[in-house]
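Whatever position you read off the sequence shown (first residue = 1), add 6 for this note's numbering. C-beta atoms are modelled at their ideal positions from N, C-alpha and C, and glycine is treated no differently. Working notes for the structure below.
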Amino acid sequence: MKLGDVCTLVLGQSPISSTCNACGQGLPFFQGNADFGRINPEATSWCTEPKKTAEPGDILLSVRAPIGAVNIALEKCCIGRGVAAIRPNSRIIQTDYLKHVLVSYRSQLETKGTGSTFKAVGKKVLSEFEIPICSLNRQSQIENQLNQILDCIENCKMEIEQLDQLVKSRFVEMFGDPCLTDRSLLPKKPLHSFCELKIGPFGSLLHKEDYVSGGFPVVNPSHIVDGCIRTDSDLTINAAKYREMESYQLFKGDVVLGRRGEIGRCAVVDEEGLLCGTGSMILRPEPSLCRSDYLQRVISFPSFAAALEKEAVGVTMKNLNVKIIGSAVVSLPPLSLQEEFADFVAQVDKSVFA
Numbered sequence: 007m008k009l010g011d012v013c014t015l016v017l018g019q020s021p022i023s024s025t026c027n028a029c030g031q032g033l034p035f036f037q038g039n040a041d042f043g044r045i046n047p048e049a050t051s052w053c054t055e056p057k058k059t060a061e062p063g064d065i066l067l068s069v070r071a072p073i074g075a076v077n078i079a080l081e082k083c084c085i086g087r088g089v090a091a092i093r094p095n096s097r098i099i100q101t102d103y104l105k106h107v108l109v110s111y112r113s114q115l116e117t118k119g120t121g122s123t124f125k126a127v128g129k130k131v132l133s134e135f136e137i138p139i140c141s142l143n144r145q146s147q148i149e150n151q152l153n154q155i156l157d158c159i160e161n162c163k164m165e166i167e168q169l170d171q172l173v174k175s176r177f178v179e180m181f182g183d184p185c186l187t188d189r190s191l192l193p194k195k196p197l198h199s200f201c202e203l204k205i206g207p208f209g210s211l212l213h214k215e216d217y218v219s220g221g222f223p224v225v226n227p228s229h230i231v232d233g234c235i236r237t238d239s240d241l242t243i244n245a246a247k248y249r250e251m252e253s254y255q256l257f258k259g260d261v262v263l264g265r266r267g268e269i270g271r272c273a274v275v276d277e278e279g280l281l282c283g284t285g286s287m288i289l290r291p292e293p294s295l296c297r298s299d300y301l302q303r304v305i306s307f308p309s310f311a312a313a314l315e316k317e318a319v320g321v322t323m324k325n326l327n328v329k330i331i332g333s334a335v336v337s338l339p340p341l342s343l344q345e346e347f348a349d350f351v352a353q354v355d356k357s358v359f360a
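Spelled out as structure tokens, the structure:
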């Protein structure tokens, strides 16, 4: 059934800027996805003369940059052009059921976006968007089941966050701040003394025609997320180019570091067949002196990342180079102590996946 047949749709409209404020006067003003929270939006601005409004309980849908994020309005609010308010006909469809449907069908809705700079969907697309409908009783059953699953997921997330904090606390307990001399018994060494360092290839070495789908993944800074490498199957190179760029190939145990953008973003390479991207850097520690997982935690440690940020060069975008990274002095504890920490992390990981 079409969304417009079972819901009232209100597309947001930007109010006059002079009617907006940050001191709580008027209705909460939500401009787009940036104002969305986990379930409900969080107001940072207000409007005294709104053009378009949503009512309490309306589903708020992000319709541009990005498309498809969902929140629920807690109160009457002003909505800008990045938001649509969806008001279900309660005799046909329940709000929570529709919310789950929209979350599940987000990728389908995203494909309908148009625009050269920012993809967006308009009222016509939303009105004609097909969604599954069943009886109200069945909707309630589905809603209850999904809510139980989501509760379990949230509980798991909280547990993982607590275990992650435990690991971070243990790291500090064992090694202190890797950038400070608060642990005099731990030797300090510059990275170049126990790491091979190499900048990723110049952009001129990779051309549009070198990229294929399903080839050898290129690891750029954007592919390093939360200490892990997340490759893009559409950003890969063919076998011939991979062989040609042998010196930039990543091996198991390497640490790949984003040298521009978000300073300190790094990950341990745990598979073969990856290539260091233009905006990345290879750090290859001497195995007899330093574990890759220890080095990754040192580089991503807040104080170390902040120190690199200060040393980074460039006007438009800050960059790191071999000299900056290589001269950075960090704690290098005995390998046995690094392995003791790795064993602790392994035990924590068992708790996560038990």
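For valine 76 and leucine 197, believed in contact at Cβ under 8 Å, the rounded distance: Not confirmed; about 44 Å, so no contact.
Residue interval of the beta strand (DSSP E) (run including phenylalanine 181): Premise fails: phenylalanine 181 lies in the alpha helix (DSSP H), 142-181, not in any beta strand (DSSP E).
Measure the alpha-carbon distance for valine 358 versus glutamate 346 and round it to whole angstroms. So the two alpha carbons sit approximately 19 Å from each other.
Within the continuous beta strand (DSSP E) that includes valine 127, where are the two ends? First-last for valine 127: undefined, no H or E at that position.
Classify phenylalanine 208 as buried or exposed, calling it buried when 16 or more other Cβ atoms lie within 10 Å of its own Cβ. Phenylalanine 208 should be labelled exposed.
Between the beta-carbon of isoleucine 205 and the beta-carbon of valine 328, is there less than 8 Å? yes
Ignore the nearest five residues each way along the sequence and tell me which others in glycine 10's own chain have a CB closer than 6 Å to its CB. Ser133
Can you tell me whether serine 353 is buried or exposed, with buried defined as 16 or more other CB within 10 angstroms of its CB? Strictly speaking, residue 353 in this sequence is glutamine, with serine absent from that position. Glutamine 353 should be labelled exposed.
Please go through the same chain and pick out, in chain order, the residues whose beta-carbon is closer than 7 Å to the beta-carbon of serine 306, but skip the five residues on each side of it. Gly233, Gly270, Cys272
Assuming contact is defined by CB atoms lying nearer than 8 Å, are leucine 338 and leucine 295 in contact in what I supplied? yes
Alpha carbon to alpha carbon, what distance is there between tyrosine 248 and tyrosine 217? Going from the Cα of tyrosine 217 to the Cα of tyrosine 248 covers about 10 Å.
If you pair each beta-carbon of the stretch 274-283 with each one of the stretch 236-251, do three or more pairs fall below 8 Å? yes
Taking buried to mean at least 16 other C-beta atoms within 10 Å of its own C-beta, is serine 68 buried or exposed? buried
Are the stretch 82-94 and the stretch 11-28 touching, with three or more C-beta to C-beta distances below 8 Å? yes
Under a Cβ-count criterion, where at least 16 other Cβ atoms within 10 Å of its own Cβ denotes burial, should aspartate 276 be classed as buried or exposed? exposed
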